[in-house]
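Report on the following structure.
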Amino acid sequence: MKKKEYVISLKMEDLTRELLFPQRSKEYMVLESTSDNMHIQRNCHYRASFFGVLLAEEGISYYRVGDYEYELQKGDILFCVPQEVFKVIYFSADVRQKQIFFSIDMLSDAGFNYRSNDMLKNFSNNPSYIIRGEQHLYRRLAFYIKELAYLNDFKNTVYYSNEMIWHYFSLLMYDIENYSKNFRQQASFSSREEEITSAFFALVREYYVEHHDVQFYADRLFVSRKYLTKVVKKAMSRTPKEIINQVLLIEAKILLKNSTNNISQVACLLNFSDQTVFSKFFKKHTERNPSDYKMDDLF
């Protein structure tokens, strides 16, 4: 019997079909999650096709996004972007979170495609991150999410529901982007550096299989390899090559855990010249052979 895919793909309809009440919009949903009703299982890997904002109301939880682990405590805000591999490592018995998930179409339908294209690019291209110690922002986001939950419930009579949904959703997005802009300005990033970093992430997501070399991305961005390395390292504390390798490594792990792929096929799928080159790459970054890793139960 064929085994299930090791990484579980999540779509908006997977979440909305579990709701017990009809919604006005299928493009977003709000959940109140506790340790008793968590939709995400611990130590399973997921890849979502939608955005998410999580507000930690009580308790502690640990997440792994890519190769990085995050601790989420009371008062923290976690912003998640689509297509990143993540898993929940642990959550305490008293954990309680307010969560809103929304599709890429929700962003576009709200008007961000023409009102603020830079914002849409920023949300889509930058990796997940935690906002901590921002009590005023936390309270505002909690209010917007509460209103969006009420407006999306068909049981509630609201005559201008669509207009109000877009209003509160826009406030939610602008508040997050406002924080992000302030943070980047404090870190002394120029608008040009922000643009290059975001564009680099977008290109890596699109071309990491075909192009493993930094020069390709520098050429596409019309900058030198040296300048691209300087800008990305300043913004992310990692070089472009390290980021490309990280994305390749995560995808390699996913493909190896799929029982239908042998090592030679994985090497081919990721555009390595041969199995030997892929094996050297994998061992260099994990200190393990692909064959040993494939047999292991751990990610």
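Per this note's numbering, the very first residue in the sequence shown carries number 8; after that it's consecutive.
Ideal placement from N, C-alpha and C gives every residue a C-beta, glycine not left out.
task = Name the residue from Asp112, Tyr70, Asn163, Asp226 whose alpha carbon lies nearest to the alpha carbon of Tyr136.
result = Tyr70
Cutoff 7 angstroms; reference Ser168; Cβ partners in own chain excluding five residues on either side = Arg31, Leu158
inquiry  = Suppose you measure from the CA of Glu78 to the CA of Val60; what does that come to, to the nearest Å?
reply    = 15 angstroms
request  = List the endpoints of the continuous beta strand (DSSP E) containing His218.
outcome  = Looking at the DSSP string, His218 is not in any beta strand (DSSP E), and its letter there is neither H nor E.
ask   = Thinking just about the alpha-carbon of each residue, which of Glu258, Ser110, Leu38 is nearest to the one in Lys153?
value = Leu38
ask   = Given a threshold of 16 other Cβ atoms within 10 Å of its Cβ, counted over all protein chains shown, does Cys87 qualify as buried or as exposed?
value = buried
ask   = What is the C-beta distance between Arg54 and Ser16, in whole angstroms, given that I count them as a contact (C-beta under 8 angstroms)?
value = 6 angstroms
ask   = Can you tell me the Cα-Cα spacing of Thr267 and Glu217, whole angstroms?
value = 22 angstroms
Span of the beta strand (DSSP E) around Arg146 = Taken as a continuous stretch (DSSP letters only), Arg146 belongs to no beta strand (DSSP E), being part of the alpha helix (DSSP H) at 142-158.
inquiry  = For Lys105, tell me which candidate among Leu256, Asn44, Gly140, Met113 has the shortest Cα-Cα distance.
reply    = Asn44
request  = May I have the straight-line CA-CA distance separating Ala209 from Ile251, to the nearest angstrom?
outcome  = 12 angstroms
key: Supposed close pair Phe57, Phe108 - CB separation, criterion 8 angstroms   = 5 angstroms
message = Between the alpha carbons of Asp21 and Asp112, how many angstroms are there, rounded?
response = 16 angstroms
query = Exposed or buried, what is Ala259 when buried is set at 16 or more other beta-carbons lying within 10 Å of its beta-carbon?
reply = buried
message = So the candidates are His292, Asn50, Arg146, Val273; which of them puts its Cα closest to the Cα of Ile183?
response = Arg146
ask   = Are Val102 and Val14 closer than 8 angstroms when you measure CB to CB?
value = no
ask   = Gln335 and Ile96 look like a contact to me (Cβ under 8 angstroms); what is the Cβ gap, rounded to whole Å?
value = Because residue 335 is not part of the residues shown, which for the chain are 8 to 306, the question remains open.
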